[in-house]
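Just below is one structure, and these are the notes that go with it.
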Amino acid sequence: VDLILMSLVLLHIPDTRLILEKLYHMLTPNGQLLIIDFDYNDAINHPKVHNGFDHEALMALLEQIGFHSTNIHTFHSGKNLFMNQDASLFFASGKK
């Protein structure tokens with residue numbers, strides 16, 4: 002697979018490392034993973050979703066798995082975006 006796009010999916014996956022490792026192995030050399038999801042938000046507390054992701058921690062995890070050319074940046078913030086809380090969204094990318 003040359004490209005995998007995950008939009009608002011990662012927050013629903015209990016084992017973030019496991020799914021990212023599986024996606025890494027599905028990619029062809031120089032294949033790209035794109036992720037859109039919520040920035041970390043301590044106002045969110047729900048047993049079935051992550052409360053967003055810390056940029057540095059996610060970047061470190063991607064690099065530990067083997068991704069390179071990683072990049073993460075917030076691209077949108079708004080009111081009541083995430084479980085009726087103000088939130089922001091990030092775009093992350095990495096190559097195999």
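Note that my numbering numbers the sequence shown so that position 47 is 48, with each residue one more than the last.
Think of the CB as a built atom: it goes at the ideal place given N, C-alpha and C, for glycine as much as any other residue.
Bear in mind the structure is a predicted one, so any value in this text is a computation, not a measurement.
Span of the alpha helix (DSSP H), counted from its first residue to its last, around residue i
| i | result |
| --- | --- |
| H26 | 17-27 |
Member of the options whose CA lies at the smallest distance from the CA of residue i
| i | options | result |
| --- | --- | --- |
| K80 | H74, S89, I73 | S89 |
| V2 | T75, P30, A44, T71 | P30 |
| M27 | L6, I37, N46, Q86 | L6 |
Proximity of residue i and residue j at Cβ, strictly below 8 Å
| i | j | result |
| --- | --- | --- |
| A93 | L59 | yes |
| I66 | L21 | yes |
| H69 | G95 | yes |
| F54 | D40 | yes |
For residue i, the residue or residues it bridges with in DSSP
| i | result |
| --- | --- |
| D38 | F91 |
First and last residue of the uninterrupted beta strand (DSSP E) at residue i
| i | result |
| --- | --- |
| L6 | 4-8 |
| H56 | Careful: H56 lies outside any beta strand (DSSP E), inside the alpha helix (DSSP H) at 56-66. |
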